[in-house]
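Residue numbers (the numbering used here), protein chains in the order written: chain W, 681 to 853; chain S, 548 to 930; chain Z, 282 to 438; chain P, 1123 to 1510.
Below: the structure, in structure tokens.
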Amino acid sequence: MSEKIKEYPGVRIKTADLRAGLVPLVKYKPEAKYAWSAGIAMSRFLEELKNGRILASVCKKCGRIAVPPRVFCEFCFKPIDEYTYVKDTGKINTYSVSFIAADASRVKEPTIVAVIELDGASPGMGILHKIGEIDWKEVKFGMRVKAVWKPPEQREGAITDILYFKPIKEGEM
Amino acid sequence: MKKEVAIVGVGCAGFQPVTPELSYKEIMFEAAVRAYEDAGVNPRRDIDAFITCAEDYWEGFSIFDEFVPDQLGAVLKNLFTVSADGLFGLATAYMLIKTGHFDVVAVEAHSKASDILTYEGIVNFAFDPILNRPLGGHPYYVAGMEMMRYLCETGTSPEECAQVVVKNKRNALANPHACYGAKLTVEDVLNSEIQFYPLKKLEISPISDGCVVFVVASKDAAEKLTDKPIWVGGVGWCTETPCLETRDWGRAVHTELAAKMAYKMAGINNPVKEIDFAEVCDMFAYKELMHMEALGLCRRGEAGQLVKEGVTERDGEMPVNPSGGMLGMGYALEASGLQRLLEAVLQLRGQAGKRQIEDIETCVVQTWRGIPTATSAVAVLSG
Amino acid sequence: MATDQITNPLKLRHWFGHMEPDYAYTLGIAGERFFRELKENGRIMGAKCKKCGKICVPPKLYCEECFEKIEEWVDVGTKGKIYTYTVVYLDEHGKKLEKPTIYALIKFNGAYGGLIHKIGEVKPEEVKIGMLVEAVFKPQTEREGTINDIKYFKPIK
Amino acid sequence: MFGKRKVAVVGAGMTLFRRNLKETGKELCWEAAKMALDQAGLELRDIDAVVLGTAPDAFDGVHMKGEYLADGAGARKKPYMRVYVGGGTGVFTANAGWWHIASGMFDTCLVICEEKMSSCFPHPAYAFHTIFDPIMARPLGVTLIWIFALEMHRYMHVHGIKKEEIAQVAVKNKRNALDHPCAQLPAKITVEDVLNSEVLCWPVQRLDISPTSDGAAAIVLTSEHMARQLTDNPVWIEGVGWAIDSTYWTNRDLYYPKYVECAAKMAYKMAGIKNPPKEIDVAEVYDPFDYKELHHMEGLRLCKKGEAPKLTVEGVTERDGDLPINPSGGLLGVGNPIAAAGMMKVCEIFWQLRGEAGKRQVPGDPRTGLAQAWGDLMQYGSVIIMRS
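Below, the structure written as structure tokens:
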């Protein structure tokens, strides 16, 4: 700022004017639709979700069991050696509690979101999912959780075949 | 020709009309593994920078480079996106190496065009939202208008444009990376459906999927890695203007300026004499002619005649698109330039198999970013 | 380049989705004025760069070449010449149109640039480069301050 | 093998940052670029090459928006390139400008960053949904704030950091922004105001985050001999760095931005910096959320892991502290038109090192400054180091 600069450009539009329709606008809805090829690893992963199982990939060089699976080990830069299943239980690595929807509007029931480190995968291998059957104030770091699946006939081979993860109570499992 | 920056490795996966068996990550991994093997480098250890050339709406993701590092071996390394054709990635690699701070750089570009369900909708989305887009319609009207003006200004005939299609699709028959090869006649092309008058169906490159990765190195690194480096003598790139209203429709000014830059860098004074063959953008048949003229491979208005006389055939004096071009290999979105570069490198290395052109030393590669842009890049290479 | 491939084509999955957001674009400083003139006065304006003297259509806030701010606006009239054109037989999804559409770049006397628009009231085979055309406006009450306030350009008899 | 060339910053410019600006993206580019050229005493015809940085096309609503913006960016008939690394774009674009000159290919380069987020309708938040993996994340209804809240929470958990410590960053930056003529959300607020603001996604609250904005910012870079002709006090780009981490962000520990450390190491090495806290006089650290300033200070090795909150509470990062961080007011105060916000930070360091920052000037004649930005799926770091 140069102190030499007296004035900065930019013509502000007031939000009220926008809402009142006083600002001329051209509106547009783009056509941008896709059918992404899921590919080798993710096609298998989705298929296994339908079966109620979580597929992971194994690199024997670094010994890492990674989820979601991939055809390569990104650290060793080689093809993975095999697939394996990991458990549908795990522990909460981190979590947050959302009170807003995608459009930034408020929601009544907050959504609890977490990164869940799955049992059977290498340490730190988490997936993103929701947490249910618990009050958000009760959620803790390191809490043990288990997947709640859709009934088999309703599954479609999607990450949403798992409805959410719920806390494992003392004595369960 | 300067010998400061060289291509030392190349890998290609594709090109095919559809690739349902592979995700974009898997197709990129395939090309990258081939390129690194070809160059004899380990990306986790030997590569100083990675460049991916991509545009979000081609992919269906925002911030596409999020999804790139793993399959290129670039985790916790310095990868970035150039939002342009792969040849701009080569130009960027050239600059990085010339700073003296980078020795080996990887350049990647790919197309998963078959994942796109609304190709026209996405091209339309590139138009000026206020001035042009509200008119609606198929975006290729711009190509029809440009071809019309080009024919009018240069006196090029529809037959000459059709001959480009015949040549390139026939060249593609000898190219294992090409999926749109065909034996056609000029009549076949002229009789194909008129879609954007005067542009006909067979004069339009269909889309294809694929990925190309290059490994580029400084002189010192290149000489350690390979005994057959392909030198990048010059690079040039230019945007004329994005405005449809204020551009020159009868000639490719952007290519003229990009070529001027690249030739100056490479010390090329007389391209007709010094260039042995060319790989240029032929997304639409007339574009090959327009680009030949802009590259100074012939005088303005003369390209059509040369094609007709067979000068640009694989065994002619100035072969153009021995690979089969985009008409033969398909329009691979931002990988189109690297598709051209791939052929250039294979030819200069003497690895072009049945398509091999004899006695070649220097070639020019050109790419245009497609509708609605007026942007292109040029590279001069020598063996 | 995995060590295995999926060999049953029925097991290959595609995942469907789209880029969701919709858009509302401001017309910009120059655009607001240009489209107001179009809507309210049925005038096509150009902007004259004081440095290079070029009259730019459509008008811009700045000269594309000199990069100077442009403040002088001039009326370039509603009549122009076809600089180039095409006849389009496909719709925006690539399907065959029942009736082809003619697109053209129309240049105005003494101005740099022009307007991309449709050509109407003429058969495709009669259109020529250099043909004189004039803007056909929508009735004023139907105009919305967009490029479509001009319905199309038609040949001047 | 090549003689390494020095690169100078000789001019900077920016527009106001606001929720909605009337200008088109092209017009915003022109306004910022024109100001930067005027400041440098150059005209467009003196410029050899143009580099543009802008974040997702999904904000402005134009596919290949780099192409669309070209004329406003002054690229007509020039070598023109767009680089793009998500939120890290702003600082990264300056790095790209650096290699245009450092390579010896060009003597002058105009570097512009633009974002017009307001085009995205009805709310720019929709565009953020498209940055996620369509198979693993989008079906869950994921939002950007979700994942940053996950990262913030992990960071707080590992180091035992309290929200009131983090809130101090928002208080400082919004106050600093009171002195910035382009600022969108300057304010005098208290830690209590932050803690009492609406909870969006625990632990993220309304006053923890930066707004969505429209705006542009630009700098002019030249080679050494050009710089000597143009000005008596050029600012030199002495180090650049960038790094990306894995796409699989749920496979990493989010408590520490390793990628920022990698980027910083690259830049420090180039600039010959061995002890960053001692050698950096002023830093513009990426702060779209208040915790990110702390997170990034640690990644940049401006302090030890987990130590940034303490330094902030003690006032070390205030404008008159030992290690001034975000004297501009940062993204929290000045606004966050993504790429332009990163470039605003580069502009701020330029002005600070020239002693031209006016009311925002940090005392003690700063000689070495750093700007950093962060992007993608919590995976990108870009860093630039400048010296007067």
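Backbone N, C-alpha and C fix where the C-beta goes; we use that ideal spot for every residue, glycine too.
Looking at the unbroken alpha helix (DSSP H) that takes in residue i, where does it start and where does it end?
i, result
"residue 1066/P", "Since the first residue shown for chain P is 1123 and the last is 1510, residue 1066/P is missing from the structure and cannot be characterised."
"residue 894/S", "883 to 896"
"residue 635/S", "633 to 645"
"residue 1508/P", "No alpha helix (DSSP H) contains residue 1508/P, which is instead part of the beta strand (DSSP E) from 1502 to 1509."
"residue 701/S", "688 to 701"
"residue 1290/P", "1285 to 1298"
Is it buried or exposed for residue i, if we count other Cβ within 10 angstroms and need 16 for buried?
i, result
"residue 291/Z", "exposed"
"residue 614/S", "buried"
"residue 1347/P", "exposed"
"residue 406/Z", "exposed"
"residue 709/W", "exposed"
"residue 1323/P", "buried"
"residue 747/S", "buried"
"residue 1129/P", "buried"
"residue 288/Z", "exposed"
"residue 297/Z", "exposed"
Between the C-alpha atoms of residue i and residue j, what's the straight-line distance to the nearest angstrom?
i, j, result
"residue 1296/P", "residue 1335/P", "15 Å"
"residue 1191/P", "residue 789/S", "8 Å"
"residue 586/S", "residue 628/S", "22 Å"
"residue 711/W", "residue 672/S", "8 Å"
"residue 1124/P", "residue 743/W", "Here residue 1124/P scores only 44 on pLDDT, less than 50, and its place in the model is too uncertain to base an answer on."
"residue 1435/P", "residue 833/W", "56 Å"
"residue 663/S", "residue 686/S", "16 Å"
"residue 726/W", "residue 1203/P", "39 Å"
"residue 1463/P", "residue 735/S", "55 Å"
"residue 766/W", "residue 1189/P", "46 Å"
"residue 383/Z", "residue 740/S", "17 Å"
"residue 785/S", "residue 605/S", "22 Å"
"residue 1182/P", "residue 603/S", "12 Å"
"residue 779/S", "residue 1456/P", "44 Å"
"residue 1411/P", "residue 1147/P", "25 Å"
"residue 1155/P", "residue 901/S", "52 Å"
Would you please verify whether the beta carbon of residue i is less than 7 Å from any beta carbon of chain W?
i, result
"residue 1247/P", "yes"
"residue 569/S", "yes"
"residue 292/Z", "yes"
Hey, quick one: how far does the beta strand (DSSP E) through residue i stretch, first residue to last?
i, result
"residue 1371/P", "No beta strand (DSSP E) holds residue 1371/P; DSSP gives it neither H nor E."
"residue 1217/P", "Per DSSP, residue 1217/P belongs to no beta strand (DSSP E); it is in the alpha helix (DSSP H), 1211 to 1224."
"residue 1198/P", "Premise fails: residue 1198/P is in no beta strand (DSSP E) and is neither H nor E."
Examine chain Z for any beta-carbon lying closer than 7 Å to the beta-carbon of residue i, and answer yes or no.
i, result
"residue 1231/P", "no"
"residue 696/S", "yes"
"residue 744/S", "yes"
"residue 796/S", "yes"
Can you confirm whether residue i, when its beta carbon is compared against all beta carbons of chain S, has any partner nearer than 7 Å?
i, result
"residue 1189/P", "yes"
"residue 720/W", "yes"
"residue 714/W", "yes"
"residue 1225/P", "yes"
"residue 704/W", "no"
"residue 429/Z", "yes"
"residue 778/W", "no"
Per DSSP, what are the beta-bridge partners of residue i in this structure?
i, result
"residue 1187/P", "In DSSP, residue 1187/P forms no bridge with anything."
"residue 776/W", "793/W"
"residue 299/Z", "713/W"
"residue 743/S", "746/S, 369/Z"
Shorter than 6 Å, the distance from the beta carbon of residue i to the closest heavy atom of the ligand HEM, or not?
i, result
"residue 1156/P", "The ligand HEM is not among the ligands present in this structure, which contains no ligands whatsoever."
Compare the C-beta of residue i with all C-beta atoms of chain P and state if any pair is closer than 7 Å.
i, result
"residue 309/Z", "yes"
"residue 878/S", "no"
"residue 315/Z", "no"
So is residue i in contact with chain B if we call contact Cβ pairs under 7 Å?
i, result
"residue 367/Z", "Protein chains W, S, Z and P are contained in the structure displayed, whereas chain B is not."
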